[in-house]
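This report concerns only the one structure given below.
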Amino acid sequence: MSVEASPMVLPISADRTRRGTLRLRLPKLSRSVLLSALTIAALLATWTLVTEMGWANELFLPKPQAVWAAFVKTMTKGYQGATLLQHLGASLYRILVAFTLACLIGIPLGVLMGVSRNARALLNPLIEFYRPLPPLGLYTLLVMWLGIGESSKLSLLFLAGLPGIVISTIQAVTSVDPVYVRAAQSLGATRRDLLLHVYLPAAGPLILAGMRISLGFTYTVLVAAEIVAASAGIGWMIWDAAKFLLSDVVIMGLIVLGLTGVVLDLMMRGIAKLLMPWA
9 MSVEASPMVL PISADRTRRG TLRLRLPKLS RSVLLSALTI AALLATWTLV
59 TEMGWANELF LPKPQAVWAA FVKTMTKGYQ GATLLQHLGA SLYRILVAFT
109 LACLIGIPLG VLMGVSRNAR ALLNPLIEFY RPLPPLGLYT LLVMWLGIGE
159 SSKLSLLFLA GLPGIVISTI QAVTSVDPVY VRAAQSLGAT RRDLLLHVYL
209 PAAGPLILAG MRISLGFTYT VLVAAEIVAA SAGIGWMIWD AAKFLLSDVV
259 IMGLIVLGLT GVVLDLMMRG IAKLLMPWA
């Protein structure tokens with residue numbers, strides 16, 4: 009009888025193990041969501057407490073209700089002739105165009121500098137020279153060269169995002185295991201094959217991480233790009249509202265900027281899962 013019972017014990021044990029794994033995974037996910045919600049709730053509660061108790065001047069720190077009212081008013085009636093969606097659309101246009109150009113130029117440039125020592129020695133001084141320059145310092149020169157239109161704004165955002173993409177791509181390409189390269193070469197792979205089937209798949213995750221960091225940095229430069237001769241944009245709206253001490257509009261704009269940045273980062277993660285499931 010013990011011999012006949014043993015086949016039945018194993019599936020039950022395996023089933024219990026699987027059920028136990030599910031029971032352990034579900035609370036872990038719910039705890040993460042709960043902790044994130046708890047953080048947001050704690051910030052809102054602290055903000056409400058400080059404003060309701062009068063511990064902060066409402067001129068500089070308005071109540072959450074005032075910020076919500078500013079959001080509704082800007083969405084419906086607009087601010088300085090444009091609604092919130094129009095301001096957001098103008099900013100996203102500048103961000104996405106500049107970031108796309110930075111990727112289209114930065115990734116091939118980084119791959120070239122990663123696989124070629126001569127190209128790296130030739131171009132690296134230029135990248136390292138302007139990478140630490142402050143955006144506002146660059147912007148003054150760009151305005152002198154390109155004027156106060158969209159060209160100078162897009163150029164500033166492009167230059168802000170380019171170094172991070174180039175440097176991360178160089179690091180990703182140079183960290184590819186040489187065994188993969190030699191194995192492909194032994195099978196007759198050409199340089200094009202090495203690029204498409206060895207370097208890019210292996211370096212893809214690090215390149216994408218650099219793109220995410222570069223997108224975040226480009227987003228932080230947005231306000232600086234929109235303070236000169238702009239008539240629309242979230243950064244311009246924040247800058248203009250600050251001149252009139254409209255702190256509710258300023259805080260609302262900052263919240264919209266933060267949430268939009270989170271959404272863009274989640275989109276980048278989704279693209280990474282689609283293009284590079286092995287990572």
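Our numbering applies: residue 9 is where the sequence shown begins, and numbers increase by one.
Built from N, CA and C at the ideal position, the CB exists for glycine as well.
Quick caveat: nothing in here was measured; it's all calculated off a predicted structure.
Item	Value
Report all residues from its chain with a CB closer than 6 Å to the CB of residue 249; omit the five preceding and five following residues, and keep chain order.	257 and 258
Tell me, to the nearest whole angstrom, how far the beta carbon of residue 147 is from that of residue 233; I am working on the premise that it is less than 8 Å.	7 Å
Could you compute how far the alpha carbon of residue 217 sits from the alpha carbon of residue 94?	30 Å
Among 102, 181 and 254, which one has its Cα closest to the Cα of residue 164?	102
Given a cut-off of 9 Å on the beta-carbon distance, is the pair residue 172 and residue 221 in contact?	yes
Indicate whether residue 210 and residue 184 have their beta-carbon atoms separated by less than 9 Å.	yes
Between residue 59 and residue 237, what straight-line distance do the alpha-carbon atoms span, to the nearest angstrom?	35 Å
Can you round the beta-carbon distance between residue 170 and residue 113 to whole angstroms, since I take them to be within the 8 Å contact cut?	7 Å
May I ask you to verify whether the segment 127-144 touches the segment 76-91, counting CB pairs closer than 8 Å and requiring at least 3?	no
Sort 134, 182 and 229 by Cα distance to residue 212 and report the nearest one.	182
Runs of 4 residues minimum, wholly inside the segment 69-121: which ones carry the alpha helix (DSSP H) assignment?	72-84
Closest by CA to residue 98, which one among 271, 199 and 245?	245
Nearest CA to the CA of residue 286: which residue from 264, 208, 265 and 226?	208
Can the beta-carbon of residue 201 be found less than 9 Å from the beta-carbon of residue 191?	no
Ends of the alpha helix (DSSP H) at residue 245?	242-251
Please identify the residue among 252, 72, 45 and 270 whose C-alpha is closest to the C-alpha of residue 56.	72
So, is residue 41 buried or exposed, given that buried needs 16 or more other C-beta atoms within 10 angstroms?	exposed
Please work out which residues of its chain come closer than 8 Å, Cβ to Cβ, to residue 154, disregarding the five sequence neighbours upstream and downstream, and give them in chain order.	160 and 163
Could you pull out every residue in the same chain whose Cβ sits closer than 7 Å to the Cβ of residue 227, ignoring the five residues on either side in sequence?	103 and 269
Could you check which residue in 150, 175, 149 and 105 has the C-alpha nearest to that of residue 133?	175
Can you tell me whether residue 255 is buried or exposed, with buried defined as 16 or more other CB within 10 angstroms of its CB?	buried
Quick check: residue 110 and residue 120, are their CB atoms within less than 9 Å of each other?	no
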